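Enquirer: In UniProt numbering, the protein residues as written are 1 to 324. Note that CB positions come from ideal geometry on N, CA and C, so glycine has one too. This structure is a prediction, so every number in the text was calculated from the model and none was measured. Please see the structure below; I have some questions.
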């Protein structure tokens, strides 16, 4: 038997490191005071314009009268929510148009910024890339009033396209006042206005992908298309899932100002959505409680969609929006 084995002391497990006591709340506030001061304006705006207005949802449970206010208006329980189950034709028409537009926007609008970002990222010249990006961003800064006016001047009955067709003896068409093309028109306007702006985030993510991954793929003989499939798209996947989950929260908000500006040209049947229904019923029609009930249910559905999608993302191994 070796001497060293007889004299060596028995091994014992090292004690766990002592846990440092957690600083008190006041000490943590003093420690992070600079960050808290920087966040203070945003917190004030968030509370004032997002959380405080939530108190107004009480009128969904009242027979609200503006001249009485919420304190003196009578409570009527869930009477305002009956419109959701009684099959009111106006509400069902708004719900149907909203769901159709939500489906169109999810299928046609959401992927467009990703494709645009890939196209811009493929440009070899940095100056050309910056020039293209600057042109694509500009429409986002135009108001919906200007965007609608531009489309009317281009595609209206007396617009530039129809004048060109008329001068050449060809039949004309009116896209702006055509109820059958209204949803296509809305989708086209959203793509033209916001696609460039929405592509900024994807372009930033593409710029952060490690270049050595592309070099390694090229050494292995991967083509440009294979590099996109195996390097670029996996790099974009987390941000795509994150934005898709956030978009679900607003899936039933398909644009109020854009639609209300063009509603008269095509009529209520083709253009009424939940947002305009709340406006027409609540402000124009004086049904404040009913409009608040519809808006409250719309928000609750959006919250449920976000929570469910975030849970599914976790089950698929993605980060999602938050971790509970």
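Count the other C-beta atoms from every protein chain shown that fall within 10 angstroms of the C-beta of residue 258, then say buried if there are 16 or more, exposed otherwise.
Expert: Here residue 258 refers to the residue found at position 258 of the chain shown. Flag for residue 258 reads buried.
Enquirer: Quick one: grab the DSSP three-state call for residue 74.
Expert: As a position in the chain shown, residue 74 is number 74, starting the count at 1. In the structure shown, residue 74 sits in a strand (DSSP, three-state: E or B).
Enquirer: Could you tell me which uninterrupted alpha helix (DSSP H) segments, each at least 4 residues in length, are contained entirely in the region 91-131, listed from first to last along the chain?
Expert: Those alpha helix (DSSP H) runs which fall completely within the region 91-131 and span 4+ residues are 111-121.
Enquirer: Beta-carbon within less than 8 Å of residue 318's beta-carbon, same chain only, minus the 5 sequence neighbours each way: which residues are those?
Expert: Reading the chain shown from its first residue, position 318 is the one you call residue 318. Closer than 8 Å at the Cβ level, and outside the excluded window around residue 318, lie 237, 238 and 241.
Enquirer: I'd like to know whether the C-beta atoms of residue 169 and residue 162 end up nearer to each other than 9 Å.
Expert: What you label residue 169 is simply residue 169 of the chain shown in a count that begins at 1. What you label residue 162 is simply residue 162 of the chain shown in a count that begins at 1. Going by C-beta atoms, residue 169 is not nearer than 9 Å to residue 162.
Enquirer: Beta-carbon separation of residue 309 and residue 245 under 9 Å?
Expert: As a working note, residue 309 is residue 309 in the chain shown. As a working note, residue 245 is residue 245 in the chain shown. Yes, these two residues count as a Cβ contact at 9 Å.
Enquirer: Please determine, among 154, 138, 302 and 201, the residue with the shortest C-alpha to C-alpha distance to residue 110.
Expert: The count along the chain shown starts at 1 and reaches residue 110 at position 110. Of the listed residues, the one whose Cα sits closest to residue 110 is 201.
Enquirer: Candidates 192, 40, 278 and 114: which alpha carbon is nearest residue 137's?
Expert: Along the chain shown, one-based indexing puts residue 137 at 137. Per the Cα distances, 192.
Enquirer: Please name the residue, chosen from 71, 199, 229 and 153, that lies closest to residue 112 on a Cα-to-Cα basis.
Expert: Taking the first residue of the chain shown as position 1, residue 112 is located at position 112. Measuring from the Cα of residue 112, the nearest candidate turns out to be 199.
Enquirer: If you measure between the beta carbons of residue 289 and residue 63, is that distance less than 9 Å?
Expert: As a working note, residue 289 is residue 289 in the chain shown. As a working note, residue 63 is residue 63 in the chain shown. Yes, the pair counts as a contact, with Cβ atoms nearer than the cut-off.
Enquirer: Under the rule that 16 or more other beta-carbon atoms within 10 Å means buried, what is residue 262, buried or exposed?
Expert: Taking the first residue of the chain shown as 1, we reach residue 262 at position 262. Buried, since its Cβ has 16 or more Cβ neighbours within 10 Å.
Enquirer: If you draw a straight line from the C-alpha of residue 6 to the C-alpha of residue 20, how long is it?
Expert: Sequence index remark: in the chain shown, residue 6 carries index 6 (1-based). Sequence index remark: in the chain shown, residue 20 carries index 20 (1-based). Any reading at residue 6 must be qualified, since the residue scores a pLDDT of 47, below 50, and its modelled position is unreliable; no value is offered.
Enquirer: Between the Cα of residue 154 and those of 53, 175, 203 and 144, spot the shortest distance and give me the residue it belongs to.
Expert: What you label residue 154 is simply residue 154 of the chain shown in a count that begins at 1. Checked all of 53, 175, 203 and 144; the closest Cα to residue 154 is 175.
Enquirer: Rounding to the nearest angstrom, what Cα-Cα distance links residue 248 and residue 99 in this structure?
Expert: Stepping through the chain shown from its first residue, residue 248 is reached at position 248. Stepping through the chain shown from its first residue, residue 99 is reached at position 99. Those two C-alpha atoms are separated by around 12 Å.
Enquirer: Would you check if the region 177-184 and the region 211-227 touch, i.e. whether three or more CB-CB distances between them fall below 8 Å?
Expert: The region 211-227 vs the region 177-184: no contact.
Enquirer: Given that a residue counts as buried once 16 or more other Cβ atoms are within 10 Å of its Cβ, and exposed if not, what is residue 294?
Expert: In the chain shown, residue 294 corresponds to position 294, counting from 1. With 16 or more Cβ atoms within 10 Å of its Cβ, residue 294 is classed as buried.
Enquirer: Pull up the CB-CB distance for residue 206 and residue 280, whole angstroms please, since I reckon it's below 8 Å.
Expert: Working through the chain shown from its first residue, we reach residue 206 at position 206. Working through the chain shown from its first residue, we reach residue 280 at position 280. Between residue 280 and residue 206 the Cβ distance is about 43 Å, and since that is not below 8 Å, they are no contact.
Enquirer: With a threshold of 8 Å on Cβ separation, who are the neighbours of residue 76 within its own chain once the five nearest residues in sequence on each side are excluded?
Expert: Position 76 of the chain shown, counting from 1, holds the residue named residue 76. Answer for residue 76: 61, 62, 63 and 289, listed in chain order.
Enquirer: Report the partner residues of residue 62 according to the DSSP bridge assignment.
Expert: Locating residue 62 in the chain shown gives position 62, where the first residue counts as 1. According to DSSP, residue 62 bridges with 75.
Enquirer: Using only the alpha-carbon positions, how far apart do residue 266 and residue 95 sit?
Expert: Counting from 1 along the chain shown, the entry for residue 266 is found at position 266. Counting from 1 along the chain shown, the entry for residue 95 is found at position 95. If I take the Cα positions, the gap works out to 17 Å.
Enquirer: Give a single yes or no on whether residue 161 has its beta carbon closer than 8 Å to a heavy atom of the ligand FAD.
Expert: This structure lacks the ligand FAD; in fact it carries no ligand of any kind.
Enquirer: Please classify residue 133: does DSSP put it in a helix, a strand, or coil?
Expert: As a working mapping, residue 133 is identified with position 133 in the chain shown. In the structure shown, residue 133 sits in a helix (DSSP, three-state: H, G or I).
Enquirer: What does the alpha-carbon distance come out to for the pair residue 144 and residue 223?
Expert: Here the question's residue 144 lines up with position 144 in the chain shown. Here the question's residue 223 lines up with position 223 in the chain shown. Distance between the alpha carbons of residue 144 and residue 223: 42 Å.
Enquirer: Would residue 285 and residue 291 be called neighbours here (beta carbons separated by less than 9 Å)?
Expert: Start at 1 with the first residue of the chain shown, and residue 285 comes out as number 285. Start at 1 with the first residue of the chain shown, and residue 291 comes out as number 291. Their beta carbons are under 9 Å apart, which means residue 285 touches residue 291 by this criterion.
Enquirer: Would you kindly work out how many angstroms separate the C-alpha atoms of residue 311 and residue 88, rounded to a whole number?
Expert: Your numbering for residue 311 matches position 311 in the chain shown. Your numbering for residue 88 matches position 88 in the chain shown. Rounded to the nearest angstrom, the two C-alpha atoms are 34 Å apart.
Enquirer: How big is the Cα-Cα spacing for residue 187 and residue 108?
Expert: Looking up residue 187 in the chain shown gives position 187. Looking up residue 108 in the chain shown gives position 108. Those two C-alpha atoms are separated by around 8 Å.
Enquirer: Judging by CA-CA distance, which residue of 221, 81 and 233 is the nearest neighbour of residue 208?
Expert: In the chain shown, residue 208 corresponds to position 208, counting from 1. When only C-alpha atoms are compared, the closest one is 233.
Enquirer: What's the C-alpha gap between residue 59 and residue 27?
Expert: Numbered from its first residue, the chain shown carries residue 59 at position 59. Numbered from its first residue, the chain shown carries residue 27 at position 27. If I take the Cα positions, the gap works out to 42 Å.
Enquirer: Are the beta-carbon atoms belonging to residue 151 and residue 105 less than 9 Å from one another?
Expert: Position 151 of the chain shown, counted from the start, is the residue given in the question as residue 151. Position 105 of the chain shown, counted from the start, is the residue given in the question as residue 105. Cβ distance not < 9 Å, so residue 151 and residue 105 don't count as in contact.
Enquirer: If you drop the 5 nearest sequence neighbours on each side, which residues of the same chain put their C-beta closer than 8 Å to that of residue 323?
Expert: Position 323 of the chain shown, counted from the first residue, corresponds to residue 323. Excluding residues within five positions, the ones whose Cβ falls inside 8 Å are 314.
Enquirer: In whole angstroms, give me the CA-to-CA distance for residue 300 and residue 250.
Expert: Taking the chain shown and counting its residues from 1, one reaches residue 300 at position 300. Taking the chain shown and counting its residues from 1, one reaches residue 250 at position 250. So the alpha carbons of these two residues sit roughly 11 Å apart.
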